[in-house]
Each structure stands twice: as C-alpha cells, then as structure tokens.
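Reading through the structure tokens given below for one structure.
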Amino acid sequence: MNDSVPRIQPDHPIDINYMTWMGSCMTLGALSGSLFSGVIIDHFGRRIILITLAIPFTIGWLIISFAQSFLTIIFGRIITGICVGIIGSTVPGYVANIVTPDRRGFFGTCFQLLCSIGALFAACFGTIFSWNRLSLISITPVIISSIGMYFAPESPIHLIQRDQSKAALKSLERLRSNESDIGAELIELENRVQSKEKSSLKTLFKRPDVYYPLIISVMLQFFQQFSGINAIMFYLVSIFNDSGSNIDPQLASIVVNLALFISCLFSGLFMDCFGRRLWLFISGAGMFLTMLMMSLHYHYNSYDKTSSTPLICLIIFSISFACGYGSIPWMIVSEITPPEVTGIVGSFSVATNWLSAFIITKEFEDLIYLLGKEGVYLLFALFSLISILFVMFFVPETKRKTLEDLQRHFLNKY
2 MNDSVPRIQP DHPIDINYMT WMGSCMTLGA LSGSLFSGVI IDHFGRRIIL
52 ITLAIPFTIG WLIISFAQSF LTIIFGRIIT GICVGIIGST VPGYVANIVT
102 PDRRGFFGTC FQLLCSIGAL FAACFGTIFS WNRLSLISIT PVIISSIGMY
152 FAPESPIHLI QRDQSKAALK SLERLRSNES DIGAELIELE NRVQSKEKSS
202 LKTLFKRPDV YYPLIISVML QFFQQFSGIN AIMFYLVSIF NDSGSNIDPQ
252 LASIVVNLAL FISCLFSGLF MDCFGRRLWL FISGAGMFLT MLMMSLHYHY
302 NSYDKTSSTP LICLIIFSIS FACGYGSIPW MIVSEITPPE VTGIVGSFSV
352 ATNWLSAFII TKEFEDLIYL LGKEGVYLLF ALFSLISILF VMFFVPETKR
402 KTLEDLQRHF LNKY
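The opening residue of the sequence shown carries number 2 in the numbering used here; numbering runs sequentially from there.
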C-alpha cells in the first residue's frame, strides 16, 4: 500500500489521520486473526487453513478494488489483515513440521522471501496500475497458493495428533527421499506426541521448556516491529518525498524493495551455514547503524537535495532486516517450542508482532510530531541496539538442533 496511498488520495481525499488508519488497519486485522489462529490450527490443521483462506482473502481484495469510500477500503484491508494474521501463525509452523532440521534454515526464510516478493510486486506494479486494478491483480497469488496447497501433504505431526498414523506415514513418504528412515522418524514423532498431554495456559507458565521459548518468541517479534520496518515500508514514498532529496520516490521505493528481496534470498541460502544467532547479530547491528545515520541526516543535513543518504541508509536497513529479523522470529517458534503448545505460543508471538506493528504504523506520524524525524529514527536505533543484547544473553542457537536438544537446553539452563 505504500505506493498506492498517493494514488488513492485523488479519488478519496484523506487527511493524515485517515492515512495512518489506512496503514495500520491491516495490522489490526492481522492481530485479530493471530489471536484465534492457534485454536483453528489445532482443530483443522495448517494445510486446510491455507487452502480455505483464499475465500476471505479474495473477498477482501474485491471489497478494496470496488470500494467507493474510505471506510470501505478500511473494511477490506481489515479482512485481508485477518487472513495475513492467520497465515503468519500457520505457514512458519507448517514449514518447520515438514522439513528436516538440517534444512529448516533455508525453508524457514522462504516465508519472508515471499513477503518481500509481494512488496516488490506492489512497488513495481503500483507505478503502472491504478490502486483498484492492483487490488484485483493481488487475487492471483492467493488463488495460485491455494491450488498449490491442495496438492501439498498435511503436517505429519498434526496427523499423529489426530490419531491418523497411516496418513502421517504417507505424508512422510511424500516429504522424504528414498534414503530416509521414514519408519524411525514416524516412531519418533509418535513418541513425542504421545508423551505429552494437551497443555493449558497454567502449564504454559510452569514449564521452562515452554515459557522461555514463549518469552524469546514474543521478544523477537517485538524487536522486529520496533525496528520500524512496517512503518518505514508503508510510508516509504512519503519518507523519500520528505527527505529533502531529489531522488524519485517511486524509483527509490522499488530499489529498497529489490534490496529486501535479494537479501532475503541470500540469507536463506546461508542461514544453515552460519546459524540464527549470527544472523540476528548482523541484522540488529545493521539496523542500529542505519537508523542512527538517518537520525543524524535529519538532525544536520535534512535540506540537502543532493544527498543520497536516505536511499543508501534504507537500502542497507532493508538488507540488514532481511538477513535476520525478517525471517528468524517467524521460524524460531516452531524450532524451540514443543509441538503440543506451538499453536498457543505461535498465537502469542504473532499477536505481539501485529500489535507492535499497529502501534508503530498508527503512531508513526504522531511520533514524528512529538520527537521530530531525527528522534523517531534514533528511537528505532535504540530498540535495535537492545535487541542485540537480548540475543546475546537469551537466544540459543538452533541450527541443526532437534527439538529435544533445545528442550534439554532450557531445562538445564533454567
């Protein structure tokens, strides 16, 4: 939507308050979707959810496309936001449940990679098509993904939890190579599921191997959003318009989104080589330095029209974000959390993500009014700095480790 807002305004004139609602209402819908996603995931399974979400997603995009008022656009974005919230809780867990530990890193980054493709798609086609047609075009990937999931297998863990061991075996046969010991893996999954009882919220806060993963998952999602990523990406065109630079805002938006996509692809290829902690350190450090540079730019040099500082900083910022905080907070939930509470923990962490995104996106303009542009970017820099310290002291390495290894880590350490 960052490129669409300026194009919507001639058809539906809006003030700054309405524009902030335009940006934040999707995250509010996503917050709602994430809160009940855990219940429907446990009941229906991730595959069925990802297939049927095409229906409300399509309805939401149609409402936006044919909207005749600002409130109708908001309503459509809330519907699509609810779908996004459910997807954020569903896809990372599905991926973690169907891949082997040595490949979780690469496939775990694919969620953020596809998000970056969508953002690049919107940035490029937003300069060509009207916002109405762009909304209609957005239905296409929804339908394609739904059809693709129809032919995908259900998660073996979900099938075992539903006492469907034969179906779980068939699922593993589709997911593993001929050289894999499928029988041994099935027995391991059955033992893992059968040795656990369904956990309540009371149990959640009693077991170290549950509540520490909960804290880690929630805090990583918090730091992801308080880096300022959603506010910056939504207001990207406006940021370049207001930066004092004569760089074309639409072109700059495309360049930043292209950098985000390339970085997501690069980090995915090397995620399993270097591990999660190193990527989080690199990501946090890069975001801290670039937001600090943005703050200094606005403090000392905000009216230099020849300055390329905003473009360079936001390119490096998007690269830094994609390297670690773009994907790791989404996939780490299923890596460190026992399967019987993955739905609950995932709902909490994803809800934290979208609540934080709503606060930052909705209050971005108010923060600029209160703190000034340099103050807002300095605030984002401080949160990124704190995130480095959090990772240093609390986040374990999960690279090529089994869930049992990580459970022992939390039980022994805490």
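Here a beta-carbon is modelled for each residue, glycine too, at the ideal position from N, C-alpha and C.
- About 30 Å separates the CB atoms of Thr343 and Phe235; that is not less than 8 Å, and the two are not in contact.
- A residue is called buried once 16 or more other Cβ atoms fall within 10 Å of its Cβ, and Tyr378 is buried on that count.
- Restricting attention to alpha helix (DSSP H) runs no shorter than 4 residues, the stretch 185 to 264 encloses them at 202 to 205, 209 to 227, 230 to 235, 237 to 243, ordered along the chain.
- Apart from the 5 residues on each side of it in sequence, Leu190 sits with its Cβ closer than 8 Å to the Cβ of Pro157, Ile158, Ile161, Ala169 in its chain, given in chain order.
- Here Val85 is buried, its C-beta having at least 16 other C-beta atoms within 10 Å.
- Residue ranges of uninterrupted alpha helix (DSSP H) with 4 or more members, entirely inside the stretch 133 to 183 and ordered along the chain, are 140 to 151, 157 to 162, 166 to 176.
- Taken through DSSP and simplified to helix, strand or coil, Val396 comes out as coil.
- Taking all protein chains shown into account, Gln69 has fewer than 16 neighbouring C-beta atoms within 10 Å of its C-beta and is therefore exposed.
- For Pro330, the three-state secondary structure derived from DSSP is helix.
- Annotation for Ile144: Ala55 place their beta carbon closer than 7 Å to its own, counting only its chain and skipping 5 residues before and after.
- Sixteen is the threshold: since fewer than 16 other Cβ atoms of the shown chains lie within 10 Å of the Cβ of Leu270, the residue is exposed.
- With contacts defined as CB atoms closer than 7 Å, Cys314 and Met295 qualify as a contacting pair.
- Counted as a single uninterrupted DSSP element, the alpha helix (DSSP H) harbouring Phe126 occupies residues 105 to 126.
- Annotation for Ala97: the continuous alpha helix (DSSP H) segment containing it runs 71 to 99.
- Contact between Ile140 and Thr73 does not hold, since the beta-carbon distance rounds to 17 Å and is not under 8 Å.
- Per DSSP, reduced to three states, the secondary structure at Leu54 is coil, with no helix or strand assignment.
- The stretch 379 to 398 and the stretch 277 to 289 touch, with no fewer than 3 CB-CB distances between them shorter than 8 Å.
- By the Cβ neighbour-count rule, Glu405 is exposed, with fewer than 16 other Cβ atoms within 10 Å of its own.
- Contact annotation: Phe391 and Met272 have beta-carbon atoms that are not nearer than 7 Å.
- Following the DSSP letters along the chain, one finds Arg277 inside the alpha helix (DSSP H) bounded by residues 277 to 301.
- About 15 Å separates the Cβ atoms of Ile248 and Ser319, ruling out a contact at the 8 Å cut-off.
- Excluding sequence positions up to five before and after Ala286, its CB lies within less than 7 Å of the CB of Ile389, all in the same chain and listed in chain order.
- In summary, Gly127 is buried, with 16 or more beta-carbon neighbours lying within 10 Å of its beta-carbon over all protein chains present.
- Its Cα nearest to that of Gly373, the residue Tyr301 stands out among His410, Glu341, Ile345, Tyr301.
- Looking only at Phe267, Leu237, Ser38, the smallest Cα-Cα distance to Gln113 is reached by Phe267.
- In this structure Gln222 is buried. Its beta-carbon is surrounded by 16 or more other beta-carbon atoms within 10 angstroms.
- Here Ser335 is actually not in contact with Ser284; their C-beta atoms are around 20 Å apart, not less than 8 Å.
- When only Cα atoms are considered, Tyr95 and Trp331 end up about 11 Å apart.
- In the structure shown, Phe37 adopts helical secondary structure according to DSSP, grouped into three states.
- When the beta-carbon positions are compared, Ile329 and Leu281 come within less than 7 Å of each other.
- If you check the CB distance, Arg78 and Cys116 do not come in under 7 Å.
- In this structure, Val194 is the residue among Ile233, Val194, Cys265, Ile148 with its C-alpha nearest to the C-alpha of Asn98.
- It is roughly 17 Å from the alpha-carbon of Arg163 to the alpha-carbon of Pro339.
- Annotation: Ser38 to Ile87 spans about 5 Å, alpha carbon to alpha carbon.
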